[in-house]
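There are 2 protein chains.
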Amino acid sequence: MRYSLGVVYRDSSGRTLADYPRPSVAVDTAVLTVTPDGVLAVVLVRSGDPAGWRVPGTFLHPGERLADAVRRSLAQKAGITGLEPAQLHVFDAPERDDRGWVLSVAHLATVRYEELRLDAGIARLEDISAVGELRYDHSAIIEFAVAELRARYASAPDPAGLLPEPFTILELRRLHEAVAGEWLQRDTFRRAMLPGLVATGELQRGQRGKPAELFRRT
Amino acid sequence: MRYSLGVVYRDSSGRTLADYPRPSVAVDTAVLTVTPDGVLAVVLVRSGDPAGWRVPGTFLHPGERLADAVRRSLAQKAGITGLEPAQLHVFDAPERDDRGWVLSVAHLATVRYEELRLDAGIARLEDISAVGELRYDHSAIIEFAVAELRARYASAPDPAGLLPEPFTILELRRLHEAVAGEWLQRDTFRRAMLPGLVATGELQRGQRGKPAELFRRT
DNA sequence: CGTCTTTAGATCGGTTATGCGCTAATCGAG
DNA sequence: CTCGATTAGCGCATAACCGATCTAAAGACG
Chain A
5 MRYSLGVVYR DSSGRTLADY PRPSVAVDTA VLTVTPDGVL AVVLVRSGDP
55 AGWRVPGTFL HPGERLADAV RRSLAQKAGI TGLEPAQLHV FDAPERDDRG
105 WVLSVAHLAT VRYEELRLDA GIARLEDISA VGELRYDHSA IIEFAVAELR
155 ARYASAPDPA GLLPEPFTIL ELRRLHEAVA GEWLQRDTFR RAMLPGLVAT
205 GELQRGQRGK PAELFRRT
Chain B
5 MRYSLGVVYR DSSGRTLADY PRPSVAVDTA VLTVTPDGVL AVVLVRSGDP
55 AGWRVPGTFL HPGERLADAV RRSLAQKAGI TGLEPAQLHV FDAPERDDRG
105 WVLSVAHLAT VRYEELRLDA GIARLEDISA VGELRYDHSA IIEFAVAELR
155 ARYASAPDPA GLLPEPFTIL ELRRLHEAVA GEWLQRDTFR RAMLPGLVAT
205 GELQRGQRGK PAELFRRT
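Same order as they appear, the protein sequences are chains A and B. Sequential numbering of the first sequence, starting at 5, is according to our numbering. Sequential numbering of the second sequence, starting at 5, is according to our numbering.
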């Protein structure tokens, strides 16, 4: 940190930045995953002060990057590490948080279901289509996150890496259907995804029907 | 404003929000327009302290919405009103601003060339492809803004309303070419835009060639 | 006043994309 | 072991799309 190393910055009124009121800045993250039964779900944590559920979040610490604040909050509250959160939107309504003037930078993070380590007492997984109204703007955050994830999954095979490699095109399609929340045409999907896949040459055995080829993402 | 009306919020350490350091929050806006000669251009204003050029911005005032801060800064520095700014990204590198810990929320705003009232001494219009390196993250802000505007113009006719209605499809295509920065196929463009247009039944006269029908956006 | 140039808008033929169906390949049950 | 169920992957017919061409309608010019 090298704030005010030499001259302190003063504006046209001769005041420094510290003379102006500043908002608290929080990060709130919709952590999305797809469950083994093919449901797009979001991580909710128990909200302290007014009892209820919310998406995990924290206040930004001095000198901290937003993405690092997201990682810190998720490591603490949901035992998740190694994420690459993406910014979605800044919620800025002055009255949105009754604790004071708080801006919230909404984020999206994705995690494999198998890597989730949720403490059942303080966190749970909720089906995206069953989330009720949450406090603050947390319902809106989830909507932003789902829209962003769906946009990413529309044209590329599993961009978030939710599926362990190698996988069959059927497994990939089941995942994309869970994300999209709707049935996807078999051939159209195959043709759209093939350019982004590399065949391993291996076949999946032990399933019913003709063995499917195994692929990796390019 | 109703901060700390009754009970002051305290966290698990018994501290209030005010006990934690908070960042300054700024808004910076890439104001884009298309000049009469068909060039996509951005508004730059003179930077005070370290002399140079930057995109207009300001610090967020207490209780103010981000969009209102954008409007305030643009009304002051470029005489522009009636905008609907869109959030792009939060720039959060702790060292990005040597005046202190400053987060910047980048915005995009669009304005008709005829409505611009730039004070030549402090503001100028710069061709998007001729913008050099700017201080802070302002080059990145412009890149975000151009990408966002191009995405919006890819599928809908003049979503930002840069063209006065009614207009011909040729005028619309010239505008879209300026935004996209590349030549657009005549028939493909016409077919892509027609669903978003309504014919007025009027024809444009006084030009060479077969008179073109005049359209409005739906 | 007639011809040339310019531009709009419709039409047409070829290409690409889409969805259905067929066949191959495997598992499981009788 | 055989037959039926299931699933992968390819082929084919159709539909949608795209770009070039053609015609119409106006101004420019001699």
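Idealized CB from N, CA, C, for every residue including glycine. What you are looking at is a predicted structure, and each value in this text was computed from that prediction instead of being measured.
- Using a Cβ-Cβ cut-off of 8 angstroms, R156/B does not count as an interface residue toward chain A, since no Cβ of chain A sits closer than that to its own.
- Within chain B, not a single residue places a beta-carbon under 9 angstroms from that of Y140/A; the smallest gap is close to 13 angstroms.
- By the Cβ test, the stretch 24 to 41 of chain A is in contact with the stretch 138 to 150 of chain A, since at least three Cβ pairs between them sit closer than 8 angstroms.
- A residue is called buried when at least 16 other Cβ atoms come within 10 angstroms of its Cβ; Q91/B meets this threshold and is buried.
- Counting only the Cα atoms, P89/A lies some 16 angstroms from Y157/A.
- DSSP, reduced to helix, strand and coil, places R58/B within a strand of the structure shown.
- Closest option to G200/B, judged by alpha-carbon separation, among R128/B, E181/B, Y140/B, I173/B: I173/B.
- Using beta-carbon distances, H93/B counts as an interface residue toward chain A, with a partner under 8 angstroms.
- A direct Cα-to-Cα measurement between V29/B and A127/A gives close to 31 angstroms.
- Close to L70/B, with beta-carbon spacing below 7 angstroms, are these residues of chain A in chain order: V94, D96.
- Closest in alpha carbon position to L129/A, among V38/A, P161/A, P25/A, P170/A, is V38/A.
- Not a single CB atom of chain B sits nearer than 8 angstroms to the CB of V74/A.
- Remark: C-beta atoms of L176/A and D162/A approach each other more closely than 8 angstroms.
- For P215/A, the CB contacts under 8 angstroms within the same chain, skipping 5 residues up- and downstream, are L207, Q208, R209 in chain order.
- The three-state secondary structure of G104/A, taken from DSSP, is coil.
- Looking from the CA of E137/B, the closest CA among W57/B, A45/B, R50/B belongs to W57/B.
- With respect to the C-alpha of V74/B, the residue from G67/B, A184/B, G61/B, E119/B having the closest C-alpha is G61/B.
- The residue from A124/B, W187/B, T114/B with its alpha-carbon nearest to that of V49/B is A124/B.
- Across the structure, A97/B and F63/A are spaced so that their CA atoms are roughly 16 angstroms apart.
- One alpha carbon belongs to D41/A, the other to L179/A, and they sit about 10 angstroms apart.
- In this structure V202/A is exposed. Its beta-carbon is surrounded by fewer than 16 other beta-carbon atoms within 10 angstroms.
- DSSP places T192/B inside the alpha helix (DSSP H), whose first and last residues are 190 to 197.
- With a threshold of 16 other beta carbon atoms within 10 Å, A110/A meets it and is buried.
- The bridge partners DSSP lists for D123/B come to none.
- About 4 angstroms separates the Cβ atoms of T114/B and A164/B, confirming a contact at the 8 angstroms cut-off.
- Setting aside the 5 residues that flank it on each side, D131/B is surrounded in the same chain by V43, A45, each with a C-beta closer than 6 angstroms to its C-beta; the list follows chain order.
- R50/A is bridged by DSSP to W57/A.
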